[in-house]
Amino acid sequence: MKDIFKSPQAGSWLALWRHQQKMADVHMRDLFAIDPQRFERYSLRCGELFLDYSKHRVTDETMRLLVDLAQSVDLAGWMQRMRSGDKINLSENRAVLHTALRNRSNTPVLVDGVDVMPEVNVVLAQMRGFVERVRSGEWRGYTGETITDVVNIGIGGSDLGPMLVARALRPYAGKITPHFVSNVDGAHLFGNLERLDPKRTLFIVTSKSFTTPETLLNANSAKDWLLSHLQDPAAVAKHFVAVSTNTQAVSAFGIDTANMFGFWDWVGGRYSLWSAVGLAIAVAVGMDHFEALLQGAHEMDCHFFEQPFEQNIPVILALLGVWYNTCFGAHSHAVIPYDQSLARLPAHLQQLDMESNGKRVTRDGHTLDFDTGPVIWGETGVNCQHAFFQLLHQGTRLIPVDFIAPLRSHFPVGQHHETLIANMFAQAEALMRGKSRAEAKAELEAQGLSGPALYSLLPHKLFPGNQPSNTILLEQLTPKTLGALIAMYEHKVFVQGIIWGLNSFDQWGVEYGKQLAKAIQPLLAGEQPAAGHDCSTAGLIDLYRQASRG
Ligand code: F6P
Numbered sequence: 047m048k049d050i051f052k053s054p055q056a057g058s059w060l061a062l063w064r065h066q067q068k069m070a071d072v073h074m075r076d077l078f079a080i081d082p083q084r085f086e087r088y089s090l091r092c093g094e095l096f097l098d099y100s101k102h103r104v105t106d107e108t109m110r111l112l113v114d115l116a117q118s119v120d121l122a123g124w125m126q127r128m129r130s131g132d133k134i135n136l137s138e139n140r141a142v143l144h145t146a147l148r149n150r151s152n153t154p155v156l157v158d159g160v161d162v163m164p165e166v167n168v169v170l171a172q173m174r175g176f177v178e179r180v181r182s183g184e185w186r187g188y189t190g191e192t193i194t195d196v197v198n199i200g201i202g203g204s205d206l207g208p209m210l211v212a213r214a215l216r217p218y219a220g221k222i223t224p225h226f227v228s229n230v231d232g233a234h235l236f237g238n239l240e241r242l243d244p245k246r247t248l249f250i251v252t253s254k255s256f257t258t259p260e261t262l263l264n265a266n267s268a269k270d271w272l273l274s275h276l277q278d279p280a281a282v283a284k285h286f287v288a289v290s291t292n293t294q295a296v297s298a299f300g301i302d303t304a305n306m307f308g309f310w311d312w313v314g315g316r317y318s319l320w321s322a323v324g325l326a327i328a329v330a331v332g333m334d335h336f337e338a339l340l341q342g343a344h345e346m347d348c349h350f351f352e353q354p355f356e357q358n359i360p361v362i363l364a365l366l367g368v369w370y371n372t373c374f375g376a377h378s379h380a381v382i383p384y385d386q387s388l389a390r391l392p393a394h395l396q397q398l399d400m401e402s403n404g405k406r407v408t409r410d411g412h413t414l415d416f417d418t419g420p421v422i423w424g425e426t427g428v429n430c431q432h433a434f435f436q437l438l439h440q441g442t443r444l445i446p447v448d449f450i451a452p453l454r455s456h457f458p459v460g461q462h463h464e465t466l467i468a469n470m471f472a473q474a475e476a477l478m479r480g481k482s483r484a485e486a487k488a489e490l491e492a493q494g495l496s497g498p499a500l501y502s503l504l505p506h507k508l509f510p511g512n513q514p515s516n517t518i519l520l521e522q523l524t525p526k527t528l529g530a531l532i533a534m535y536e537h538k539v540f541v542q543g544i545i546w547g548l549n550s551f552d553q554w555g556v557e558y559g560k561q562l563a564k565a566i567q568p569l570l571a572g573e574q575p576a577a578g579h580d581c582s583t584a585g586l587i588d589l590y591r592q593a594s595r596g
């Protein structure tokens with residue numbers, strides 16, 4: 047923690063730290079008891095997205111100190127630098143402009159003095175033309191059949207965001223079914239292919255770099271599969287398109303560059319679903335819905351860039367996260383959507399948050415001595431209630447939770463939606479209130495227990511409570527509200543990175559494993575000793591070789 051107290055923001059941290067010592071034993075149950083207006087005071091809205099952050103271990107004083115901290119790191123200056131195309135991704139010397147991809151106001155955004163909006167609009171128009179041809183049946187496969195299935199082949203940011211959105215927006219889908227293949231495990235690709243008709247399948251190879259080995263192996267295997275059925279290399283042009291920034295590599299793969307959708311180095315992989323990387327989404331739900339997704343994100347961008355910190359949803363979420371992470375030592379953060387169609391949200395947010403803020407050095411290369419980005423994890427409610435919620439209620443750790451749900455369902459679901467939402471509200475309340483000794487004892491007495499039987503059971507029936515949570519409600523899960531929700535998390539992560547002094551936009555940490563895999567792969571197939579590897583790795587290589595020899 048020495049770094050914090052040596053930093054230019056030491057005064058703000060120190061004040062926060064002293065305040066934490068006062069707050070450490072305060073129970074939220076008491077904060078609610080003394081303030082019936084807490085819900086009104088600690089809730090915010092952006093369009094059709096509503097945040098209740100009243101179930102936190104905070105007072106007005108806490109929020110004031112957290113906002114002071116944001117001011118002390120010049121958050122407003124960094125927000126402006128991001129918005130206006132400054133190269134804030136210092137280690138890669140790149141601007142960070144996913145907000146330009148959804149800049150529906152079309153105001154100019156300059157990178158190196160050049161407005162990027164005309165290029166953004168050209169690609170959107172190219173996407174619209176293509177999407178409409180595929181959806182209307184004008185685009186046909188090699189044998190003249192219409193397309194019924196589209197397979198996005200990509201990994202990381204070229205997979206998780208598009209998959210999340212395509213699945214979440216299933217009620218808006220037309221006749222074309224999207225599939226997502228990411229894992230280099232052949233079972234993923236071939237498990238999908240065995241259900242598909244090559245004559246009616248379109249592959250979108252999505253890779254910013256077009257050098258990612260997993261994606262290229264999957265794309266090549268998909269091409270072999272297609273050619274084994276259609277028997278003519280000319281079929282590839284009718285069944286493969288690409289989304290990439292690397293024209294040369296796309297062309298070398300054999301995809302007609304007329305069918306390539308470009309984007310730019312100022313779009314990070316995990317922030318790219320708003321670009322042509324979202325092509326599979328657009329094919330599935332149509333371009334109008336894709337643009338509504340952009341509109342929702344744009345509205346959240348406007349909220350983020352224009353609202354004061356005290357009323358700014360991403361800023362408030364980020365500050366609350368910093369409060370628990372840095373001041374209470376919370377190591378993880380759970381994301382629990384009470385909506386089955388948001389099942390992939392935790393996975394997307396894992397990449398977004400952990401690839402952005404899972405870092406130990408500052409922008410200028412100084413190694414930090416305090417914890418930064420938390421472990422993000424989660425699962426859909428109510429399934430998780432019957433799995434890991436025991437630990438949230440009665441375990442030993444402080445784990446802030448985001449509860450997320452739409453108020454209205456798309457489906458004629460009778461009691462299902464009410465049951466779902468009742469459970470979500472109940473969990474947030476139970477985590478906050480807990481159950482006191484007196485309450486638990488009264489319950490056991492009402493069941494007829496007394497004496498040793500009662501007292502031996504009593505400790506197991508106590509709930510300490512005081513577990514913080516956000517409740518994030520959407521009017522309904524629509525393209526617009528989903529766009530706003532995802533953009534909200536992007537900005538939250540950015541704010542936390544600024545407060546901890548990180549560059550949230552590079553990902554050097556994923557390189558080393560890739561490098562070693564390249565060196566190990568030839569050893570698995572060969573005979574030569576695994577020289578240079580430790581005895582554990584060499585032993586494992588040997589076991590694999592023995593197994594593959596049969
Ligand atoms: O391995 C990490 C990563 O670089 C991610 O950041 C990125 O989203 C993913 O790989 C895929 O990269 P590409 O789109 O270049 O294939």
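Convert by adding 46 to the 1-based position in the sequence shown; the result is the number in the working numbering.
By construction, the Cβ of each residue, glycine as well, lies at the ideal position given by its N, Cα and C atoms.
Beta carbon of M470, beta carbon of K101: below 8 angstroms? As a position in the sequence shown, residue 470 is number 424, starting the count at 1. As a position in the sequence shown, residue 101 is number 55, starting the count at 1. Taking 8 angstroms as the Cβ cut-off, M470 and K101 do not qualify as a contacting pair.
Please report the residue range of the beta strand (DSSP E) in which F434 lies. By one-based count along the sequence shown, residue 434 stands at place 388. It is not in any beta strand (DSSP E) - F434 carries neither H nor E in the DSSP assignment.
Have a look at A30 and H335 and give me their C-alpha separation to the nearest angstrom. Nothing can be reported for residue 30: it is not among the residues displayed for the chain, which extend from 47 to 596.
DSSP three-state call for F306: helix, strand or coil? Working through the sequence shown from its first residue, we reach residue 306 at position 260. Contrary to the premise, residue 306 reads as Met rather than Phe in this sequence. It is a strand residue.
Using alpha carbons as the reference points, say which of C373, N371 and L395 lies closest to I382. Here residue 382 refers to the residue found at position 336 when the sequence shown is read from its first residue. In terms of CA proximity to I382, L395 leads the group C373, N371 and L395.
Is there at least one non-hydrogen atom of the ligand F6P closer than 7 angstroms to the beta-carbon of Q553? What you label residue 553 is simply residue 507 of the sequence shown in a count that begins at 1. Flag set: Cβ of Q553 near the ligand F6P.
Which residues mark the beginning and the end of the alpha helix (DSSP H) in which I467 is found? Counted from its first residue, the sequence shown places residue 467 at position 421. Segment Q461 to R479, the alpha helix (DSSP H) holding I467.
Hey, is S204 close to the ligand F6P, as in C-beta under 7 angstroms from one of its heavy atoms? Numbered from its first residue, the sequence shown carries residue 204 at position 158. Yes, the Cβ of S204 comes within 7 angstroms of a heavy atom of the ligand F6P.
Can you look up H144 in the DSSP assignment and give me helix, strand or coil? Taking the sequence shown and counting its residues from 1, the one referred to as residue 144 is at position 98. Helix, per DSSP.
For T408 and L319, what's the separation of their Cα atoms in angstroms? Here residue 408 refers to the residue found at position 362 of the sequence shown. Here residue 319 refers to the residue found at position 273 of the sequence shown. T408 and L319: Cα-Cα distance of roughly 27 angstroms.
For W554, is the classification buried or exposed, using 16 other Cβ atoms within 10 angstroms of its Cβ as the cut-off for buried? What you label residue 554 is simply residue 508 of the sequence shown in a count that begins at 1. Exposed is the call here.
Does DSSP classify H537 as helix, strand or coil? The count along the sequence shown starts at 1 and reaches residue 537 at position 491. In the three-state DSSP reduction, H537 falls in the helix class (H, G or I).
Cα separation between K487 and K507? Taking the first residue of the sequence shown as 1, we reach residue 487 at position 441. Taking the first residue of the sequence shown as 1, we reach residue 507 at position 461. Put simply, the backbone Cα of K487 is about 9 angstroms away from that of K507.
Span separating the alpha-carbon of T247 from that of V428: Start at 1 with the first residue of the sequence shown, and residue 247 comes out as number 201. Start at 1 with the first residue of the sequence shown, and residue 428 comes out as number 382. Straight-line Cα distance between these residues: approximately 35 angstroms.
Per DSSP, what kind of secondary structure is A584 in: helix, strand or coil? Position 538 of the sequence shown, counted from the first residue, corresponds to residue 584. Residue state, collapsed to three classes: helix.
Identify whether S378 lies in helix, strand or coil by the three-state DSSP scheme. Here residue 378 is taken as the residue at index 332 of the sequence shown, counted from 1. If DSSP states are grouped into helix, strand and coil, S378 belongs with the strands.
Please classify R454: does DSSP put it in a helix, a strand, or coil? Indexing the sequence shown from 1 puts residue 454 at position 408. Correct three-state label for R454: strand.
Quick one: is the Cβ of S30 within less than 7 angstroms of any heavy atom of the ligand F6P? Summary: the structure shown does not reach residue 30, with the chain confined to residues 47 through 596, and so no result is reported for it.
Looking at the ligand GTP, does it come within less than 7 angstroms of Q277, judged from the CB to the closest heavy atom? Of the ligands this structure carries, namely the ligand F6P, none is the ligand GTP.
Assigned secondary structure, W546 (DSSP; H/G/I helix, E/B strand, else coil): Working through the sequence shown from its first residue, we reach residue 546 at position 500. Helix, per DSSP.
Mind checking whether the beta-carbon of E401 lies closer than 7 angstroms to any heavy atom of the ligand F6P? Stepping through the sequence shown from its first residue, residue 401 is reached at position 355. Yes, since a heavy atom of the ligand F6P falls inside the 7 angstroms radius drawn around the Cβ of E401.
Put A298 into one of helix, strand or coil per three-state DSSP. Reading the sequence shown from its first residue, position 252 is the one you call residue 298. Helix at A298.
How long is the line joining the alpha carbons of P420 and F540, rounded to whole angstroms? As a position in the sequence shown, residue 420 is number 374, starting the count at 1. As a position in the sequence shown, residue 540 is number 494, starting the count at 1. C-alpha separation (whole angstroms): 14 angstroms.
Could you pull out every residue in the same chain whose Cβ sits closer than 6 angstroms to the Cβ of M128, ignoring the five residues on either side in sequence? Your numbering for residue 128 matches position 82 in the sequence shown. Correct list, in chain order: I134 and V142.
Residues sharing a beta bridge with L391, DSSP: As a working mapping, residue 391 is identified with position 345 in the sequence shown. L391 pairs with nothing; no bridge assigned.
Across which residues does DSSP place R483 in a beta bridge pair? One-based indexing of the sequence shown puts residue 483 at position 437. Note: R483 sits in no beta bridge, so no partner.
Cα-Cα separation between N152 and N229, rounded to whole angstroms: For this step, residue 152 is matched to residue 106 along the sequence shown. For this step, residue 229 is matched to residue 183 along the sequence shown. C-alpha separation (whole angstroms): 37 angstroms.
Does the distance from the CB of Q542 to the CB of A364 come in under 8 angstroms? Taking the first residue of the sequence shown as 1, we reach residue 542 at position 496. Taking the first residue of the sequence shown as 1, we reach residue 364 at position 318. With respect to the 8 angstroms criterion, Q542 and A364 are classified as neighbours on the basis of their beta carbons.
Taking the CB atoms as reference points, tell me whether R148 and H344 lie closer together than 8 angstroms. Residue 148 sits at position 102 when you count from the first residue of the sequence shown. Residue 344 sits at position 298 when you count from the first residue of the sequence shown. Yes, they are a contact pair.
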